[in-house]
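Okay, so here's the structure we're looking at.
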Amino acid sequence: MEHYSRISTIRENLNSGHITCVALVEYYLKNIQENRHLNAFLEVWTVESLSRAEYIDSKVKAGTAGRLAGVVIALKDVLAYKNHRVGASSKLLEGFESLYNATAVQRLLDEDAIFIGRTNCDEFAMGASNENSAFGPVLNAADLTRVPGGSSGGSAVAVQAKMAHAALGSDTGGSIRQPASFTGIFGFKPTYGLISRWGLLAYASSFDQIGPLTQSLEDCVILTEIMAGADGQDASMYQREAIRYSNPVAPKKAKFAVMKQGVFGEGIDIEIKEQMLGLIQKLEDSGHEISYFDFPLLDYMVPTYYVLTTAEASSNLSRYSGMLFGKRSANAKDLDSTYTLSRTEGFGEEVKRRIMLGTFVLSSDQYDAYYNKAQKVRQLIRTETEKILQNTDAILLPTTSTPAFKLGEKSSDPVAMYMADLLTVQANLSGNPSISIPAGKTQAALPFGVQLMTGLLEEQKLFDLSKLLEETLG
Ligand code: GLN
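Residue -19 is where the sequence shown starts when you use the numbering used here, and the numbers rise one by one after that.
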């Protein structure tokens, strides 16, 4: 079957009777079968997705199908889909089934999306390589010796290897954008509070956002529009009614602020640097304005992120006590040993490291030195980000300083792994929307992305500028 890379072309072909939802689901199931070695899926809903496809086909015939008819989506294993298992790629949640639908999931279902399976990720979304999954790493389809990025590695590879039309991920410090960059697709983290987090397994609640991974900018816009908007179940949301974005159009004149460290910083891969400089030159040649800014706070970004997210994680993950959800240790004898053994046996090494770190920074002796201090630095990062954005349309920088690294390359050095988030955490600390756009490939055929960030709730502007970058990159 021909591959359809846009929601709009799927729709045209469904309407004309050229394809059916069943044929589309069969196509993706076949690709999943052929790409099992990539380990992108933890579970595939074969029978169910086919029967749902049949049902949506009948709606297409009757002229009552929603906007996402025929759109086959993979769900990161942190999103609640009623009566389906969800487990954050952790042994601790083995066998646990969602009791309700995440709001984002429900909104896609209401538009007739078809969910094909749940994707592998770093355990509780903690990681940048997908190597922290209890169910083994995901492989990058561009090079099987390399990581796909993380934590939404399975979702990214599902789209990269055409095992789903699009996927959902969550982004706390880069988990959508970084794997999108490593796999050559679009990945978008919306403004904090744009998409409801109801039904998302929490990692760090003041950072977490749900977002799409797609083959095209247009699809990213459509999926965001459908998921966005007020939801009474999430108190952190911007209370906005339905949101409408128009089809992205490249502006004739735009202003970009380039973070110096993102181009000239040490550690920026030479090919990524050259691509950035080439892009900047082309933008200038077509009359767009480029300015450079220095961001000394960059050095504090990753430490601030890890102090705050581990603190929030230590609190969020305290609910996994062996009592209510998931695994209870078979060796437990009383209440204390139920807590201790269930958590000891259930959580992986990285999750334990973060719970300990988070508990430490929140302890009364250390609270002022770490947690309080980090909150202040976060505020500085927000203020500085806002200042830069007042004089420009968008911040432009690479998504990652290098293309996908080798499996095992950073797994024995947590700090080196944390540095993989250097360029993505700013948007989570400040709450701004940020997108990764495929920017090309290195000579070794490894994809990488460029990143754009606009002001809070300036999604439309972000999409329009993304269109400009897409056209400029060619
Ligand atoms: N790599 C980052 C971390 O490990 C980001 C994870 C995420 O965005 N969920 O925290």
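Yeah, the Cβ is synthetic: ideal placement off N, Cα and C, and Gly gets one too. In this text, all values refer to a predicted model and were calculated from it rather than measured experimentally.
Assuming the contact rule is C-beta atoms closer than 8 angstroms, V139 and T204 should be a hit. Round their C-beta distance to whole Å, please.
Not a contact, Cβ separation roughly 15 angstroms.
Can you give the Cα-Cα distance for I202 and H17, rounded to whole angstroms?
So the alpha carbons of these two residues sit roughly 31 angstroms apart.
Could you check the C-alpha separation between D348 and D279 for me, to the nearest Å?
Here the C-alpha atom of D348 lies approximately 20 angstroms from the C-alpha atom of D279.
Ordered list of beta strand (DSSP E) runs contained in the region 267 to 332, each at least 3 residues:
The qualifying runs are 269 to 273.
Three or more C-beta pairs closer than 8 angstroms, one from the region 382 to 389 and one from the region 210 to 219: is that the case here?
With the rule of 3 Cβ pairs closer than 8 angstroms, the region 382 to 389 does not count as touching the region 210 to 219.
Would the C-beta of A105 count as close to the ligand GLN, meaning under 7 angstroms from any of its heavy atoms?
For the ligand GLN, at least one heavy atom lies less than 7 angstroms from the Cβ of A105.
Answer yes or no: do I175 and A42 have a C-beta to C-beta separation smaller than 8 angstroms?
Not closer than 8 angstroms, so no.
Which of helix, strand or coil does DSSP assign to K421?
The answer is strand: DSSP assigns K421 an E or B state.
Shortest alpha-carbon distance to P159 belongs to which of R177, L124, N120?
For P159, the nearest C-alpha among the options comes from N120.
First through last residue of the beta strand (DSSP E) which encompasses Q359
In this chain, Q359 is not harboured by any beta strand (DSSP E); it is covered by the alpha helix (DSSP H) spanning 353 to 370.
Does the ligand GLN have even one heavy atom less than 7 angstroms from the beta-carbon of A108?
Set against 7 angstroms, the gap from the CB of A108 to the closest heavy atom of the ligand GLN is smaller.
I113 classed as buried or exposed, judged by whether at least 16 other C-beta atoms fall within 10 angstroms:
Before going further, note that residue 113 is Ser rather than Ile in the sequence given. Buried: at least 16 other Cβ atoms inside 10 Å.
Hey, which unbroken runs of the alpha helix (DSSP H) at 4 residues or more fall wholly within the region 89 to 144?
Listed in chain order, they are 133 to 140.
Do A54 and I96 have their CB atoms nearer than 8 angstroms?
Between A54 and I96, the C-beta spacing is below 8 angstroms.
Is the beta carbon of L453 sitting closer than 8 angstroms to the one on A400?
Contact: no.
Would a C-beta distance cut-off of 8 angstroms place T152 and N412 closer than the cut-off?
Result no, Cβ atoms of T152 and N412 do not sit closer than 8 angstroms.
Which residues in the same chain have their Cβ closer than 6 angstroms to the Cβ of G435, if we skip the five residues on either side of it in sequence?
Excluding residues within five positions, the ones whose Cβ falls inside 6 angstroms are L369.
Can you tell me which of M143, S150, A354 puts its alpha carbon nearest to the alpha carbon of I12?
With distances taken between Cα atoms, I12 lies closest to M143.
Do the CB positions of F443 and Y225 come within less than 8 angstroms of each other?
Cβ atoms of F443 and Y225: closer than 8 angstroms.
So for V51, helix, strand or coil by DSSP?
DSSP, reduced to helix, strand and coil, places V51 outside both helices and strands of the structure shown, so it counts as coil.
Would you say the beta carbon of G130 is closer than 7 angstroms to some non-hydrogen atom of the ligand GLN?
It does: the Cβ of G130 is within 7 angstroms (strictly closer) of some heavy atom of the ligand GLN.
Among all the DSSP beta bridges, which residues are the ones paired with Q431?
For Q431, which the question treats as bridged, DSSP gives the partners L377, S416.
Would the beta-carbon of V430 fall within 8 angstroms of that of T379?
Yes, they are a contact pair.
Considering only C-alpha positions, which residue in the set A291, G302, A208 is nearest to Q440?
Checking every option, the nearest Cα to that of Q440 belongs to A208.
Taking 7 angstroms as the cut-off, is the C-beta of Y183 nearer than that to any heavy atom in the ligand GLN?
Of the heavy atoms belonging to the ligand GLN, at least one sits nearer than 7 angstroms to the Cβ of Y183.
Find the nearest neighbour of S31 within the set A234, R299, V52, judged by alpha-carbon distance.
Across the set A234, R299, V52, the C-alpha of V52 shows the shortest separation from the C-alpha of S31.
Buried or exposed by the 16-neighbour rule on C-beta atoms within 10 Å, applied to R177:
If you draw a 10 Å sphere on the C-beta of R177, you find 16 or more other C-beta atoms in it, and that means buried.
Could you tell me if the beta carbon of D393 falls within a distance shorter than 7 angstroms of some heavy atom in the ligand GLN?
Flag unset: Cβ of D393 not near the ligand GLN.
In the structure shown, what three-state DSSP assignment does V395 receive?
Per DSSP, reduced to three states, the secondary structure at V395 is helical.
Rounded straight-line distance, which links the Cα of R(-9) to that of E6
Answer to the nearest angstrom: the Cα atoms are 17 angstroms apart.
Could you check where the beta strand (DSSP E) with M456 kicks off and where it finishes?
Look at the range of the chain in this structure, -19 to 454, and you will see that residue 456 is not part of it.
Cα-Cα, which of A147, L342, L181, G179 is closest to G167?
Closest in alpha carbon position to G167, among A147, L342, L181, G179, is A147.
What are the residues that DSSP puts in a beta bridge with K447?
Paired residues: none, contrary to the question.
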